[in-house]
Structure formats: C-alpha cells, structure tokens
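Q: Residue numbers are given in full-length UniProt numbering: position 312 of the sequence shown equals residue 312, and the series is strictly consecutive.
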Amino acid sequence: MWRCRLPTLRTARPIPVPLLVPRALRLSSSTASCSAYDAPADRVRIHEADPVGVAPERTQYAHVQQSAKAAPASKAYAVDTLHAFLSPSNLSSSTPLLHSARTLRALYLAACARGDMRKLSAGRLSGLISIFGTLSACNGPPVHMSQIYAPVTKHMDAHFFKPRWGFVMQLVRDKANAEKYLLPMDMYWFVRAQLALAQVEGIVVDPHEDAELSRAREVYLRSPFEHENIDAHLPYLYTLLRQQREGAAVELVGWLSVFLRRHIYSSPRFTKLLWDTVLSDIVKSSESLQDALLAAVWHRLNPNQPPEHEASTSQTDSQFARRSTDSTPSHHASPFCDNAIGLSDQLAGVLFPDPSETPAGFCSGTPSQLHLREWALTHIRDMFYPNTGLPLSARWRNLTLLALANSPSPELTQASLSSPHGTRKLVAADFRVVAILSILERIATPTTSSNDDQIQDFVRGIWSVWVEIVEDDRRVESAMIRPMVASFLRLAAATRDDDLRRACLRLCNTGFWTFHVGDDHAKRQVQMLAAEFIVA
C-alpha cells in the first residue's frame with residue numbers, strides 16, 4: 001500500500017503550486033485504483049461495450065457509476081457507437097456487439113444533443129425503432145418466433161428493462177422530422193406505441209408491410225391519436241377493410257370490438273363500416289372473426305354487463321350527444337313503423353341507440369309503440385344470445401341479415417342465401433322475414449322488377465310460408481303485422497302481382513283494419529296500409 005507522508009500542521013511549509021498539482025493527481029489515481037482493487041468481485045459490473053463517457057445502466061452501488069462530468073466530452077462518439085451497433089452485419093450476427101437498452105437510449109439522446117442524429121441512415125433508425133418496439137412489446141427479449149422483429153433482441157439482457165413506448169414514438173417522429181423515408185414497419189411500431197400508451201387492449205396491429213396501409217398510418221403523425229373518437233379513425237379502418245387480408249381483418253375486427261364495447265352511441269358512418277365489415281368476404285370465411293364480432297355485439301345487448309371503461313364512455317357519449325363529426329344525423333328510428341324497413345330500424349335502434357332518446361322517452365308512447373319497442377328489445381337479444389342453443393352460424397346469419405337490411409344496396413343473391421328457413425321455427429313477427437322484406441323493398445322497383453320472375457317467385461314463397469304462421473297465431477300484436485303486410489303490398493305493386501295483392505287484402509280483412517281509440521300510431525299504420533293497397 002502506497003503511503004504519503006504529509007507535513008504536520010506545526011512544521012508545515014508552503015508548497016509551490018507546480019509541485020502540488022502532480023502530487024494531488026498521483027494521490028487520486030492511487031486511491032481510485034486501490035478502491036477498485038479492494039472492492040468485491042460481485043460488486044463490480046463492467047460493461048465492455050459501453051462507450052467511454054456515456055453513463056452505463058444504474059446499479060445499486062453508486063461508486064461503480066462513471067462521473068457525469070465525463071459524459072459531455074464523449075457525446076462526439078455517440079453517433080459512431082450507434083452507427084457500429086446498428087450496422088446490418090452486427091444486427092444479423094450470431095454474436096453481435098451488445099449494448100443495453102438504456103445505453104442505446106443514452107447514446108441516441110447524446111447524438112441528438114449534438115445534432116448528429118441526421119448522420120444515422122434511415123435503415124439504422126428503423127433498426128433502432130424495431131429494437132425498442134420488440135423489447136417493449138415483449139417486456140424484454142422475445143420468446144416466440146412470431147414476436148421477433150429485431151433478431152438482435154434475442155441476445156439482449158432484459159435486466160432492469162421497462163417498456164419504452166414513448167421513446168418509440170419519439171424515434172419515429174424524429175425520423176419523420178429529419179425527412180427520412182419512413183418504412184411500413186416504422187408506422188407499425190408507431191401505431192402499437194399509440195395503442196399501448198392509450199391503454200387500449202384487444203387490437204392486434206397488422207405487421208404486413210403495405211405502402212397504402214403505411215400512408216394511412218402516417219396521418220397519426222400529424223394529428224392527435226384520439227382513441228375515444230370513433231370517426232377520427234374511420235379513414236384508417238376503411239383502409240384495413242380494403243386490404244382483404246387476414247392480418248388486416250384481425251386488426252379491423254379488434255378496432256370494431258373495442259368501439260362496440262366502450263361506446264353506447266355511435267355515428268352512422270361507424271355503423272356503415274360495421275355493416276360493410278360483416279358483409280366482406282374475408283370475415284365471412286373466418287369463424288374466429290365472426291365470434292369476436294358477435295361477442296362484441298352481445299356485450300352491447302347484455303343488460304347485466306355495463307360498458308367497459310364506464311367513466312370514459314359516459315364522458316365520450318355525452319360529448320357525442322352534443323356534437324357530430326359530420327353533417328349526417330345519428331341513427332334515429334322513426335316513431336312510426338309503416339313497413340318492414342321501419343321494423344328493421346327499430347331493431348337497429350336497440351343495437352345503436354339514438355343519443356337524443358332519453359330512458360323516459362323510450363318508455364313512453366301509445367300502446368302499439370310500446371309493443372313495438374318491447375318486441376324489438378326482446379327479439380334482438382334472442383337473435384344474439386349465445387346460450388339459447390343457437391350455433392355460431394345461426395347468430396352470424398342474423399347479423400348478416402341485419403347488415404343487409406340496413407345496407408343501401410343489398411343484393412338478391414345474398415338475401416336468397418340467407419333464407420328465413422333455419423334452425424329455429426319461424427314466428428309471425430320474425431326478424432328473418434322482416435329483414436328479407438326490407439332487402440326486397442330496396443331491390444324491387446317497378447322498372448327493374450316487373451319482368452323479373454325470380455323476385456316474384458321469391459316473394460310468393462315467403463308469403464305462402466308466413467301467412468300460414470300468422471293465421472295460426474292470432475295472439476300476435478297487429479302493430480307488428482301491419483308493417484309487414486304493407487311491405488308485401490309494395491312488392492306486389494313492384495312485381496305487378498295481382499294475386500299477392502288480393503291475398504294481402506284477405507288477410508287484412510281478418511281484423512287488421514281495426515285499432516284502439518286513442519292509439520294514434522295504430523291509426524297511422526291503418527291509413528298507410530290502405531294507401532299501399534290503393535297504390536298496389
């Protein structure tokens with residue numbers, strides 16, 4: 001042990017400054033080496049790959065950390081160290097040069113402080129984004145092969161690591177601000193970071209590298225990520241729908257499920273997107289996607305299950321009730337049901353309620369209106385209740401019919417494939433008949449249906465089955481039967497089917513012209529039914 005004899009206070013003499021400085025330097029270096037020699041081996045952590053002057057990861061022993069005063073002098077080497085680490089040869093090597101995630105972040109911030117970030121190529125920045133994205137998604141090195149987007153992360157130490165989604169977003173934004181080309185994978189990690197920071201679960205972002213999808217995601221770089229605003233995401237969601245790929249469909253269904261579960265009210269644009277998704281070919285061929293959508297629909301209809309994230313939902317729904325993102329009014333079921341389309345609107349109104357409708361208003365009205373609302377509420381829950389014995393295919397057929405009934409341009413072939421004959425016996429006020437009549441009313445016009453024998457035969461087939469059920473069950477409320485007869489009369493006029501017109505008249509003469517005094521809704525139904533008979 002080296003010892004230094006210092007003069008005592010009694011015999012102290014002034015020491016010249018040129019001799020004092022070298023002596024102090026020798027003393028400090030000897031003391032430092034002695035401390036390192038005496039320290040236990042398990043209390044010294046050496047990071048060979050850490051660049052000189054950049055603070056290494058924190059340890060529980062403060063004496064091992066480097067001096068903070070040395071960091072500014074070494075910032076010049078930060079970009080060189082990053083450049084070497086992010087080289088393609090190192091990232092793909094089986095024995096790569098490694099740095100901890102915290103050191104990489106410190107290196108990047110040091111390079112930004114000197115303005116050297118632009119010296120990193122677009123490919124190296126994308127590699128850094130993928131590294132932090134992969135580590136954040138897996139909360140450490142990836143375990144499964146499907147999680148590996150940056151192979152070097154398999155070798156990195158997960159000790160003291162925590163997700164860095166905010167840093168991922170900073171990397172993507174810095175790359176965009178530096179006017180470097182954004183790869184599709186960059187925007188993939190950006191959307192994942194946005195969802196993670198917003199604490200939105202259940203959305204599996206599509207990792208497919210598609211240019212159109214990447215451009216749609218770049219919108220989030222220039223606008224705030226309003227995860228509670230449904231309409232703000234519709235352009236991006238329609239881009240996912242146009243992809244017609246399984247990965248894009250999985251992400252789209254995840255978005256729809258989150259919105260269906262979180263929000264009571266929605267705009268017509270969102271409703272149209274839902275119907276378009278239900279009718280898309282990619283969803284029709286996947287039972288897992290169908291099951292996910294049906295579960296979200298039932299979540300809205302389940303009276304014993306409140307919406308998820310109820311606090312934020314109530315606030316968002318109140319804001320939606322006061323404003324609208326477009327000029328289209330929200331879905332509003334007509335108080336009068338004059339035909340099958342009106343009945344279909346009543347069912348859709350249960351799934352997507354009108355924000356202006358108060359609970360008290362929903363329970364008020366004439367006796368026929370109350371019967372209609374009770375029928376719509378009970379019937380649509382029976383259509384999607386998973387424990388009624390209905391298989392997945394039957395519940396999905398019901399959702400498809402509801403989408404077709406609300407589609408502006410349905411196809412007869414789709415309606416034919418979804419015939420009212422199914423696993424459950426038909427009833428007089430059956431949704432399947434209501435939906436098909438709504439579809440046919442939109443398809444059949446006097447100019448297109450007069451010479452179309454297919455539509456005429458299809459309408460007659462439905463009538464022959466349905467009229468027998470009505471005649472056998474006279475307990476059904478007339479408020480549900482009159483609109484359906486009115487739709488048959490419209491179809492008889494469109495197809496110029498006089499036999500169907502006379503059959504409708506015979507059914508009406510069995511008691512459907514009468515109504516209770518004071519029931520203005522039933523009175524209007526009778527008036528509209530008479531008008532349809534005159535037109536037919």
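Note that the Cβ used here is the ideal one computed from N, Cα and C, for glycine as well.
#1: Less than 8 angstroms between the CB atoms is what I'm expecting for Leu197 and Ser126, so what's the real figure, rounded?
#2: If we count the other Cβ atoms within 10 Å of its Cβ and call it buried at 16 or more, is Lys162 buried or exposed?
#3: Got a sec: does the ligand NAP put a non-hydrogen atom nearer than 7 angstroms to the Cβ of Arg502?
#4: With a threshold of 8 angstroms, are at least 3 pairs of Cβ atoms found where one atom belongs to the stretch 235-255 and the other to the stretch 269-280?
#5: Only counting the same chain, and skipping five residues up and downstream in sequence, which positions put a Cβ closer than 6 angstroms to that of Ala296?
#6: Roughly how many angstroms separate the alpha carbons of Ala285 and Gln244, rounded to a whole number?
#7: At which residues does the alpha helix (DSSP H) containing Ser478 begin and terminate?
#8: Can you tell me where the alpha helix (DSSP H) holding Ala403 begins and where it ends?
#9: Which value, in whole angstroms, describes the spacing of the CA atoms of Trp375 and Pro151?
#10: Per DSSP, what kind of secondary structure is Asn229 in: helix, strand or coil?
#11: According to DSSP, is Lys425 part of a helix, a strand, or is it coil?
#12: Is there a C-beta anywhere in chain D that falls below 8 angstroms from the one on Trp466?
#13: Could you check whether Ser368 and Ala479 sit closer than 8 angstroms to each other, using their CB atoms as the reference points?
#14: Between the Cα of Ser130 and those of Ala193, Phe225, Val517, Ala394, spot the shortest distance and give me the residue it belongs to.
#15: Would you mind sorting Gly115 into buried or exposed? The rule is 16 or more other CB atoms within 10 Å of its CB.
#16: Give the DSSP-derived three-state secondary structure of Ala113 in the structure shown.
#17: For the alpha helix (DSSP H) containing His83, name the first residue and the last one.
#18: Considering just the uninterrupted stretch of the alpha helix (DSSP H) at Trp513, what are its terminal residues?
#19: Are there 16 or more other CB atoms within 10 angstroms of the CB of Asp430, so buried, or fewer, so exposed?
#20: Taking the beta carbon of Val517 as the centre, do at least 16 other beta carbons fall within 10 Å, making it buried, or is it exposed?
#21: Using the rule of at least 16 other Cβ atoms within 10 Å of the residue's Cβ for burial, across every protein chain shown, is Ala492 buried or exposed?
#22: Which word fits Trp396, buried or exposed, when buried means at least 16 other C-beta atoms lie within 10 angstroms of its C-beta?
#23: Look at the Cβ atom of Leu104, then the Cβ atom of Ala84, and state whether they are nearer than 8 angstroms.
#24: Per DSSP, what kind of secondary structure is Leu273 in: helix, strand or coil?
#25: Looking only at C-alpha atoms, which of Pro235, Arg300, Ala248 sits nearest to Arg269?
#26: Can you tell me which of the three DSSP states His299 falls into?
#27: Please report the straight-line C-alpha distance between Ala530 and Leu440, rounded to a whole angstrom.
#28: Can you name, in chain order, every residue of its own chain whose Cβ lies under 8 angstroms from the Cβ of His371, other than the five neighbours on each side?
#29: Measuring only the C-alpha atoms, how far is Phe167 from Ser100?
#30: Quick one, are the C-beta atoms of Arg482 and Phe512 less than 8 angstroms apart?
#31: Helix, strand or coil for Lys119, going by three-state DSSP, please let me know.
#32: My assumption, with CB atoms under 8 angstroms, is that Leu507 sits in contact with Val535. Please give the rounded CB distance.
#33: Suppose contacts are defined by Cβ-Cβ distances below 8 angstroms. Is Ile282 in contact with Glu246 by that definition?
#34: Take Glu288 as the anchor and find which of Leu392, Leu91, Asp354, Glu471 has the nearest alpha-carbon.
#35: Can you tell me the Cβ-Cβ gap for Gln456 and Thr495, rounded? I've got them flagged as a contact below 8 angstroms.
#36: Going by C-alpha distance, which of His155, Leu279, Val433, Thr153 is nearest Trp466?
A: The structure says:
#1: Incorrect: roughly 20 angstroms between the Cβ atoms, too far for contact.
#2: Its Cβ having fewer than 16 others within 10 Å, Lys162 is exposed.
#3: This structure simply doesn't include the ligand NAP, nor any ligand for that matter.
#4: yes
#5: Ser257, Leu260, Arg261
#6: Sequence inspection shows Ser at residue 285; the Ala mentioned does not correspond to that position. Roughly 11 angstroms separates the two Cα atoms.
#7: 478-495
#8: 392-405
#9: 58 angstroms
#10: Note: Asn229 maps to coil in three-state DSSP.
#11: coil
#12: The displayed structure is made up of one protein chain only, and chain D is not part of it.
#13: yes
#14: Ala193
#15: exposed
#16: helix
#17: 78-85
#18: No alpha helix (DSSP H) contains Trp513, which DSSP labels as neither H nor E.
#19: buried
#20: The residue is exposed, with fewer than 16 neighbouring Cβ atoms inside 10 Å.
#21: Ala492 should be labelled buried.
#22: buried
#23: no
#24: helix
#25: Pro235
#26: helix
#27: Each residue's Cα considered, the two are about 21 angstroms apart.
#28: Glu477, Ala479, Met480
#29: Between Phe167 and Ser100, the C-alpha separation is close to 15 angstroms.
#30: yes
#31: helix
#32: That belief does not hold up - the Cβ atoms of Leu507 and Val535 are roughly 17 angstroms apart, past 8 angstroms.
#33: yes
#34: In the sequence as displayed, the identity of residue 288 is Ser instead of Glu. Considering only alpha carbons, the answer is Leu392.
#35: That belief holds up - the Cβ atoms of Gln456 and Thr495 are roughly 4 angstroms apart, short of 8 angstroms.
#36: Residue Val433 is the option with its Cα nearest to Trp466.
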